[in-house]
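Quick notes on the structure that follows.
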Amino acid sequence: MPRREPRPFETLLAEGAAQPTEGWDFSWFQGRATEQRPSWGYAVSLADRLAGAKAALDIQTGGGEVLHFALGRAEKAPALTAATEGWPPNAAKATALLRPHGTVVVAVPENAPLPFADGAFDLVSSRHPVTPHWTEIARVLEPGGTYFAQHVGPNSVFELVEYFLGPQPDASRSTRHPDHERAGAEVAGLEVVDLRAERLRIEFHDIAAVVHFLRKVVWMVPDFTVEAYQDRLRALHERIEAEGPFVAHRTRHLFEARKPHHR
Numbered sequence: 001m002p003r004r005e006p007r008p009f010e011t012l013l014a015e016g017a018a019q020p021t022e023g024w025d026f027s028w029f030q031g032r033a034t035e036q037r038p039s040w041g042y043a044v045s046l047a048d049r050l051a052g053a054k055a056a057l058d059i060q061t062g063g064g065e066v067l068h069f070a071l072g073r074a075e076k077a078p079a080l081t082a083a084t085e086g087w088p089p090n091a092a093k094a095t096a097l098l099r100p101h102g103t104v105v106v107a108v109p110e111n112a113p114l115p116f117a118d119g120a121f122d123l124v125s126s127r128h129p130v131t132p133h134w135t136e137i138a139r140v141l142e143p144g145g146t147y148f149a150q151h152v153g154p155n156s157v158f159e160l161v162e163y164f165l166g167p168q169p170d171a172s173r174s175t176r177h178p179d180h181e182r183a184g185a186e187v188a189g190l191e192v193v194d195l196r197a198e199r200l201r202i203e204f205h206d207i208a209a210v211v212h213f214l215r216k217v218v219w220m221v222p223d224f225t226v227e228a229y230q231d232r233l234r235a236l237h238e239r240i241e242a243e244g245p246f247v248a249h250r251t252r253h254l255f256e257a258r259k260p261h262h263r
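Numbering-wise, the sequence shown is residues 1 to 263 according to UniProt numbering.
Given below as structure tokens:
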């Protein structure tokens, strides 16, 4: 990426702080940050799964962007499609985006039971759920149904987390490990049929991208505000200007599980 002309720190801070955070559209980062994509192409693969489903549920859909893409690409849409989302601004955005597909968006807190009957869906999907609630996923799947998802893995973007928070305990680093999630799915009675993990490079080319990222992905640095971390942000801005992009790595895993016909 060509070097850009230096821009004032205060200007970049203001740009990163001004961007709205609802939804999972990351197009604003173009030219400011780059990320390596997983090899499996989750959204395209989800479109293929939707084409073969009768009733589909997307959990923690965010602003509905990924489901919208997949439904638009699918050769045939399921007869019934529903989605859940817990954050009201995201739920509103997802409703507007998904309504033309005939998809109903239900406002459901992350930790609440799913408001659907047992065995209601033959496909349950999710992209980057905060926590997969395996017993609820297994309950709403019909026998033979599939859970198909892309999860955030352990240590994701931890270089940035530890820049602001310092070294993190091993317990923080081990959360979201695919082996732990496999065990949780199996305890709930699901059979894991595919589990693939990748570590992917991400680069932040200016401090505005860092600010917007941390405001959008709030669990990375939970107490983040521009005011609280102004000194660290200035130091990172100067580092990026002097040395080039801040490099971190995100982890993702593709997760596919099936509910057996006989438990």
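Yeah, the Cβ is synthetic: ideal placement off N, Cα and C, and Gly gets one too.
- Separation of residue 156 and residue 113 (C-alpha to C-alpha, rounded to the nearest whole angstrom) is 27 Å.
- Taking 8 Å as the cut-off, the Cβ atoms of residue 260 and residue 181 do not count as close.
- Of the candidates 85, 50, 202 and 179, 50 places its Cα closest to the Cα of residue 121.
- Residue pairing by DSSP puts residue 196 in a beta bridge opposite 254.
- In the three-state reduction of the DSSP assignment, residue 229 falls in the coil class, being assigned neither a helical nor a strand state.
- For the pair residue 52 and residue 125, the Cα-to-Cα distance works out to about 13 Å.
- Distance from the CA of residue 165 to the CA of residue 39, rounded to the nearest whole angstrom, comes to 31 Å.
- Under the 10 Å beta carbon count, residue 104 is surrounded by fewer than 16 other beta carbons and is classified as exposed.
- For residue 262, there is no enclosing beta strand (DSSP E), as DSSP marks it with neither H nor E.
- Taking a C-beta distance under 8 Å as the contact criterion, residue 68 and residue 46 do not qualify as a contact pair.
- Around the beta carbon of residue 63, 16 or more other beta carbons sit within 10 angstroms, so the residue counts as buried.
- Between residue 251 and residue 161, the C-beta gap is not smaller than 8 Å, which leaves the two residues out of contact.
- Secondary structure at residue 151: strand, using DSSP grouped into helix, strand and coil.
- Your pair residue 247 and residue 16 does not check out as a contact, with CB atoms roughly 18 Å apart and the cut at 8 Å.
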